[in-house]
Amino acid sequence: MPHFDESRPIYLQIVDWICRRVARGELAPGARLPSLRDLAQELAVNPNTVQHAYQELERQGIAFTKRGQGTFISESPDPVGSLRQRLAEQAAEAYLKEIANLGLSFREGLDLLAEKIKERGVSN
Amino acid sequence: MSLLRLYGKEMRASLGDIIMVTAVIVLLEILAILNYDKPWSAALGVMVPMVGLPLYFLSTSFESIHREWNEHTAYWLLSLPVREEVILGAKTLALLSRFIILTLPAAIGIYLFFDKLIPVPFPPDFTSTYIGLYVLSWFLFITVIPIVFLAAVSRHAVQRWGWLVQALIFVGGFWAFGKVSAWLAGLLDFLPWLSLRVPGIMIGGPQRGITMASHGIPLSMVVSGLLVAGLIFYLAALLLRYRVEV
Amino acid sequence: MTVVEAVNLSKRYGRTWALRGVNLVIEEGMVVGLLGPNGSGKSTFLRLLAGLSHPSGGEVKVLGERPGLATKKQVAFVPEIDHLYRWMRVRDTLDFQAGFYADFDPARGEELLTFMNLDPGARVYNLSKGQRARLKLMLALARQARLVLLDEPFSGIDPPSRERILQGILMAYRQDRTVIISTHLVGEVEKLFDQVVFLSQGEVFLAGEAESLRAERGKSIDEIFREEYR
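Protein chains in written order, with this note's numbering: chain A, 11 to 134; chain B, 48 to 293; chain C, 21 to 250.
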């Protein structure tokens, strides 16, 4: 269950949270999302907010609604790859922003990243 | 039915009160009857209920309205999808029931007390007259309740000077009731009289005991009283609907 | 469909105006937060909608009609004050309510009784403040009312009861049901609201969709609330 930052629209955070779960494989393509009422209850938010989030997921092609059956994660096109890409890009952006905020150059940022990877002893 | 549900609520709310006061009256009457030869017995068995009960009923009638505000239950009562006439009607029925339940032991007690006190037997139609007068007291109470309601409800229809408004409407209500019902009784003069033989007590002398004198009550007075009481009741309901706030 | 429409609505008590020229339209299915400090007119507004008070000026319509007998059938009002008959048992309280409303749902009543964790045999005067708050909410939610008015349902209530009340409100959500919740405690409950209306000294000075306000100002409703009433 996500922790909301109430200074940003809640529905966007629900969208983010679901995207993350899809990218991590916790929600497989074709999986049915909880009903509006159930998710609203679980997250303690207004069901209209959840509906708004589901509409946004549909707009982005990540989910689709079958009338009377609920909302499902899309199967084709499979959103997993593109979501992983998008979330990784967001993480990279955030890292670069933080590096710039600290007054370091991007070169130094890249070196730091390489160093950390080496520390973990990861070869790929 | 809403009226019966509200009536049940009113009766249940005053149940403890009814049991307690009934017990006190029964006790008073038994004490008075057992001690009929003592000088204080009449004060205890006759005067206390005859003065105390009317005062008690007057205060419970006001209380029946004010309690809803004091305990904030007016929020619930006035939220109910029920006509204001039904709300006041249920209260009237409950007050009348309470009146009958409490006055019955007093009326019987006083009758038995006199029976014991006066050595000669009652004249033949004394009992029927006694019952007639007692039933008349119900009608009297029915005409008083709407005036109390109008006064009590007015207190909650104004934002300030509630007590003063209530007192003025209570006194003015009786005055207007007298005026209007007397005028209406004049119009209804063609109605017959209810014959009633009124008892008088002779203390000492050769005719010591109870004597009966022929009297009567004009039916026009009873009918006009009830009609005007109905009108005042309706005014109280209108006030409750359009002016009263919680 | 418009459920509440206030046009230049005013209410005066003596010399003070509890509401001053309020214009507000609330559509069906919305959960609306009526926000403001004590004495800002929230409670007065709800009482006017419930038909327990009468406007000094302007007009208010509920489901297209002036508050009265017809609207009372469709409106559930829960005041902040304890309005229950104290001598009743929990069960009597529910039965009494059931007797007056065609939209009362007995099955829902039983469900809520369990959910709110209340003993049907307990006397109202023996209940704690939190239990009474739960019972009050239950009376409203056991009905299929079109408009639910909750006056300060969270104030002065223990956290577990507050949580139950919050969940109860969410459970009762329906597309054809409008809920107006007045509160001066915004933080924990702001996620409930579709719309918020800020009242100050009887006037509406900010009203809008909660999500739009968050996006526009980059702040939570609670932060906006704290700033505005500083």
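By construction, the Cβ of each residue, glycine as well, lies at the ideal position given by its N, Cα and C atoms.
Pick helix, strand or coil for residue i, following the three-state DSSP scheme.
i: Tyr54 (chain B); result: helix
i: Pro265 (chain B); result: strand
i: Arg36 (chain C); result: Looking at the sequence provided, one finds Thr at residue 36 (chain C) rather than Arg. Three-state DSSP puts Thr36 (chain C) in a strand.
i: Phe124 (chain C); result: strand
i: Trp87 (chain B); result: coil
i: Phe65 (chain C); result: helix
i: Ile155 (chain B); result: helix
i: Ile177 (chain C); result: coil
i: Trp240 (chain B); result: strand
i: Ile185 (chain C); result: helix
i: Thr91 (chain C); result: helix
i: Val9 (chain B); result: Outside the shown range of chain B (48 to 293) lies residue 9 (chain B), about which nothing can therefore be said.
i: Val191 (chain B); result: helix
i: Thr81 (chain A); result: strand
i: Val71 (chain B); result: helix
i: Leu106 (chain A); result: helix
i: Gln117 (chain C); result: helix
i: Thr203 (chain C); result: strand
i: Leu44 (chain C); result: strand
i: Gln215 (chain C); result: strand
i: Val291 (chain B); result: coil
For my contact list, residue i and residue j are in at a C-beta cut-off of 8 Å; report their separation, rounded to the angstrom.
i: Gly40 (chain A); j: Ile83 (chain A); result: 6 Å
i: Phe217 (chain B); j: Ala198 (chain B); result: 4 Å
i: Glu17 (chain C); j: Arg40 (chain C); result: Residue 17 (chain C) falls outside the range modelled here, since chain C spans only 21 to 250, and no answer is possible.
i: Asn28 (chain C); j: Asn43 (chain C); result: 6 Å
i: Leu274 (chain B); j: Glu131 (chain B); result: Incorrect: roughly 20 Å between the Cβ atoms, too far for contact.
i: Gly80 (chain A); j: Leu43 (chain A); result: 7 Å
i: Pro121 (chain B); j: Glu57 (chain B); result: Before going on, a small fix: residue 121 (chain B) reads as Ala here, not Pro. In fact, because the Cβ distance is near 14 Å, the residues do not count as touching under 8 Å.
Measure the C-alpha to C-alpha separation of residue i and residue j and round it to an integer number of angstroms.
i: Phe74 (chain A); j: His62 (chain A); result: 13 Å
i: Asn82 (chain B); j: Val269 (chain B); result: 38 Å
i: Glu25 (chain C); j: Gln23 (chain A); result: 33 Å
i: Ser232 (chain C); j: Leu55 (chain C); result: 17 Å
i: Gly61 (chain C); j: Thr203 (chain C); result: 11 Å
i: Ser126 (chain B); j: Val133 (chain B); result: 13 Å
i: Pro19 (chain A); j: Ser92 (chain A); result: 23 Å
i: Tyr105 (chain C); j: Ser61 (chain B); result: 12 Å
i: Val182 (chain B); j: Ser63 (chain C); result: 48 Å
i: Phe146 (chain B); j: Phe221 (chain B); result: 20 Å
i: Leu123 (chain A); j: Ala102 (chain A); result: 11 Å
i: Ser228 (chain B); j: Ser267 (chain B); result: 9 Å
i: Phe104 (chain B); j: Phe188 (chain B); result: 9 Å
i: Glu108 (chain A); j: Lys239 (chain C); result: 22 Å
i: Val206 (chain C); j: Met136 (chain C); result: 23 Å
i: Leu89 (chain C); j: Arg290 (chain B); result: 15 Å
i: Leu234 (chain C); j: Arg246 (chain C); result: Reading off the sequence, residue 234 (chain C) comes out as Arg, not Leu. C-alpha separation (whole angstroms): 14 Å.
i: Asp88 (chain A); j: Ala33 (chain A); result: 11 Å
i: Pro87 (chain C); j: Gly63 (chain B); result: 36 Å
i: Val276 (chain C); j: Val45 (chain C); result: Residue 276 (chain C) lies beyond the stretch modelled for chain C, which goes from 21 to 250, so this question has no answer here.
i: Arg202 (chain B); j: Thr139 (chain B); result: 18 Å
i: Leu132 (chain C); j: Arg184 (chain C); result: 10 Å
i: Trp27 (chain A); j: Leu97 (chain A); result: 11 Å
Looking at the C-beta of residue i, does it have a partner C-beta in chain A at a distance below 9 Å?
i: Asp242 (chain C); result: yes
i: Phe178 (chain C); result: A small fix is needed here, since residue 178 (chain C) is Asp in this sequence, not Phe. No, Asp178 (chain C) does not count as interfacial toward chain A.
i: Met50 (chain C); result: yes
i: Phe174 (chain C); result: no
i: Gly207 (chain C); result: yes
i: Asp214 (chain C); result: yes
i: Gln187 (chain C); result: yes
Let me see if you follow: with CB-CB separation under 9 Å, is residue i close to chain C or not?
i: Ala104 (chain A); result: no
i: Thr81 (chain A); result: no
i: Asp26 (chain A); result: no
i: Ser144 (chain B); result: no
i: Tyr64 (chain A); result: no
i: Arg130 (chain A); result: no
i: Leu285 (chain B); result: no
i: His119 (chain B); result: yes
So is residue i in contact with chain B if we call contact Cβ pairs under 9 Å?
i: Arg106 (chain C); result: yes
i: Phe97 (chain C); result: yes
i: Ser73 (chain C); result: yes
i: Tyr193 (chain C); result: no
Counting pairs of Cβ atoms below 8 Å between the stretch 107-119 of chain A and the stretch 48-61 of chain A, do you hit three or more? no
Decide yes or no for the touch test of the stretch 147-165 of chain C against the stretch 182-200 of chain C: beta carbon pairs closer than 8 Å, at least 3 of them. yes
Would you call the stretch 140-157 of chain C and the stretch 172-182 of chain C touching, i.e. three or more CB-CB distances under 8 Å? yes
Is the stretch 66-84 of chain B touching the stretch 141-160 of chain B, taking contact as three or more C-beta pairs under 8 Å? yes
Does the stretch 109-124 of chain C come close enough to the stretch 85-97 of chain C to have 3 or more Cβ pairs within less than 8 Å? yes
Quick test of the definition: if touching needs 3 or more C-beta pairs under 8 Å, does the stretch 80-96 of chain B touch the stretch 169-179 of chain B? Because the criterion of three Cβ pairs below 8 Å is not met, the stretch 80-96 of chain B and the stretch 169-179 of chain B do not touch.
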